[in-house]
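Visitor: Position one of the sequence shown corresponds to residue 59 (our numbering), numbered consecutively onward. No residue lacks a Cβ here, since even glycine has one placed at the ideal position from N, Cα and C. Just so you know, these numbers come straight off a predicted model, no measurement behind them. Questions regarding the structure given below will be posed in turn.
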Amino acid sequence: MTPSRLDMIALGEVMLRFDPGERRISTTRSFEVWEGGGEYNVARGLRRCFGLRTGIVTALVDNPTGRLVEDLMLQGGVDTSAIQWQEFDGIGREARNGVYFLERGYGVRRGMGMMDRGHTAISQMKPGDIDWDALFSHGVHWFHTGGIMAALSESTTEVVREAMQSAKRHGVKVSFDCNYRPSLWRSRGGRAGSIAVNRSLVPMVDVLFGHEGDVAPELIASSHAAVWHTAESFAASSARVAAEFPNLTAIATTVRRPVTATRNDWSAFAYSQGEVTVGIHFPELEILDRVGGGDAFASGYIYGQLHDRGQQWSLDCGIAHGALAMTTAGDASTATMAEVEQLMKGDSAGTMR
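Structure (structure tokens):
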């Protein structure tokens, strides 16, 4: 990686996604493949939609599937020179590349994901594997990681901590998406275990993507929408978090209410300096593939913050980008900056000729 060329660096697992399209996992005879990973998706969105120079720190096994994931990332324009390649032992006993299968759902049939990510190369990453000071000392502006990376193993939690500490030494803004995944925390204390880890990391975070239920031991909730329904309740919960963690410059969260698998109410709130910003609202947004919508939101919001566009613009940019990302297949956004700005202005969905 050439750090001097990068505006933003992300840390996280990148997996190979198997998509049966309109079929079901258990009955399909063919899959389309994509690359995907919560932290990586943010870097890709910032690169492809917003034109920033981004890089990914991850680990892969050096075999044909690992090289396929790399090739897909290269198509996304994200710098891959910091990939940690692990030697393949021939059968994957020592380490594997993560894969997952996802049904998009339709109408009353909800989407369903199945992970196959045990004992992956990145779950074995440990402190000292990456020279973070070298990466952050050449003009990087933003570092993004999240609860998925922190959940993979006890050692990856410490890698996240090490990276954050280095980023703060070099004046790099840090964002963290809590991204709770029950399957990853099942053997590490469940929701309470994730909260304990989050609370140990949040003191080094500038922008938190999440909600009070991600950091408050007394509030155990499984979804953003379950925590609040109004700007007033979001303001109250965010004020409590900000009072405990005054280092936070902003807290932002999407608000998604599923009507059906293919229609969701979609919006977001942000909290900064004691004020709540309410974003644009898409009632019953039509969705093709909801995976990656939150990551696209984060990349749009980060873009606005990096360019000092203010809370309202940043929030609306994230919401519009997330909405567009959910209209196409795959984890990654295929939207353009012009499309995002048009949607922010309320332009119609009529065909352009």
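(1) Hey, V232 and M183: beta-carbon distance below 7 Å or not?
(2) Take L64 as the anchor and find which of V91, I188, G94 and R105 has the nearest alpha-carbon.
(3) Any beta carbon of chain C sitting closer than 7 Å to that of R257?
(4) Taking the beta carbon of N305 as the centre, do at least 16 other beta carbons fall within 10 Å, making it buried, or is it exposed?
(5) Please report the residue range of the alpha helix (DSSP H) in which I377 lies.
(6) State the start and end residues of the unbroken beta strand (DSSP E) segment that holds T85.
(7) In the DSSP output, what is D323 paired with across the bridge?
(8) Looking at the unbroken alpha helix (DSSP H) that takes in Q363, where does it start and where does it end?
(9) List, from N- to C-terminal side, the alpha helix (DSSP H) runs of 4 residues or more that fit wholly inside the stretch 224-267.
(10) For V115, does the three-state DSSP call read helix, strand or coil?
(11) Can the beta-carbon of M395 be found closer than 7 Å to that of C107?
(12) On the criterion of 16 or more Cβ atoms from any shown chain inside 10 Å, does Q133 qualify as buried, or is it exposed?
(13) What residue does the beta strand (DSSP E) around E302 start on, and which one ends it?
(14) Residues in its own chain within less than 7 Å of A387 by CB, not counting five upstream and five downstream?
(15) Between the C-alpha atoms of R244 and H365, what's the straight-line distance to the nearest angstrom?
(16) Is the beta carbon of F327 closer than 7 Å to that of T307?
(17) Taking the DSSP output, what are the residues bridged to I345?
(18) Would I149 be called buried (16 or more neighbouring beta carbons within 10 Å of its own) or exposed?
(19) Would you identify the three-state DSSP class for T43, choosing helix, strand or coil?
(20) So, for G109: in the same chain, excluding its five sequence neighbours on each side, which residues have a beta-carbon less than 6 Å away from its beta-carbon?
(21) Using C-beta distances below 7 Å, list every residue in its chain close to V230, excluding the 5 sequence neighbours before and after it, in chain order.
(22) Round the Cβ separation of Y378 and G350 to the nearest angstrom and send it over; I've been treating them as touching at under 8 Å.
Guide: So, from the data block:
(1) Counting from one through the sequence shown, the residue named residue 232 turns up at place 174. Counting from one through the sequence shown, the residue named residue 183 turns up at place 125. Taking 7 Å as the Cβ cut-off, V232 and M183 do not qualify as a contacting pair.
(2) For this step, residue 64 is matched to residue 6 along the sequence shown. Considering only alpha carbons, the answer is R105.
(3) Among the chains of the structure shown, chain C does not appear; only one protein chain is present.
(4) Locating residue 305 in the sequence shown gives position 247, counting from the first residue. Exposed, because fewer than 16 other Cβ atoms sit within 10 Å of the Cβ of N305.
(5) For this step, residue 377 is matched to residue 319 along the sequence shown. From DSSP, the alpha helix (DSSP H) with I377 extends over G368 to A383.
(6) Stepping through the sequence shown from its first residue, residue 85 is reached at position 27. Taken as a continuous stretch (DSSP letters only), T85 belongs to no beta strand (DSSP E), as it is neither H nor E.
(7) For this step, residue 323 is matched to residue 265 along the sequence shown. Per DSSP, R315.
(8) Along the sequence shown, one-based indexing puts residue 363 at 305. Taken as a continuous stretch (DSSP letters only), the alpha helix (DSSP H) holding Q363 covers G351 to L364.
(9) 240-243 and 248-259
(10) Residue mapping note: residue 115 aligns to position 57 of the sequence shown, counting from 1. Correct three-state label for V115: strand.
(11) Start at 1 with the first residue of the sequence shown, and residue 395 comes out as number 337. Start at 1 with the first residue of the sequence shown, and residue 107 comes out as number 49. Yes, Cβ-Cβ distance for M395 and C107 is below 7 Å.
(12) Residue 133 sits at position 75 when you count from the first residue of the sequence shown. The residue is exposed, with fewer than 16 neighbouring Cβ atoms inside 10 Å.
(13) Position 244 of the sequence shown holds residue 302. Not the beta strand (DSSP E): E302 falls in the alpha helix (DSSP H), residues A289 to E302.
(14) As a working mapping, residue 387 is identified with position 329 in the sequence shown. Result list for A387: D77, L346 and D347, in chain order.
(15) One-based indexing of the sequence shown puts residue 244 at position 186. One-based indexing of the sequence shown puts residue 365 at position 307. The straight-line gap from Cα to Cα measures roughly 39 Å.
(16) As a first step, residue 307 is located in the sequence shown; it is residue number 249 there, counting from the start. As a first step, residue 327 is located in the sequence shown; it is residue number 269 there, counting from the start. Taking 7 Å as the Cβ cut-off, T307 and F327 do not qualify as a contacting pair.
(17) Start at 1 with the first residue of the sequence shown, and residue 345 comes out as number 287. In DSSP, I345 forms no bridge with anything.
(18) What you label residue 149 is simply residue 91 of the sequence shown in a count that begins at 1. Answer is exposed; the Cβ neighbour count stays below 16.
(19) Within the shown structure, residues of the chain are numbered from 59 to 411, placing residue 43 beyond reach of any answer.
(20) Stepping through the sequence shown from its first residue, residue 109 is reached at position 51. None.
(21) Here residue 230 refers to the residue found at position 172 of the sequence shown. Result list for V230: F194, V198, H199, W200 and F201, in chain order.
(22) To locate residue 378, count along the sequence shown from 1; it is residue 320. To locate residue 350, count along the sequence shown from 1; it is residue 292. For the sequence presented, residue 378 should be read as Ala rather than Tyr. 14 Å between Cβ atoms; not a contact.
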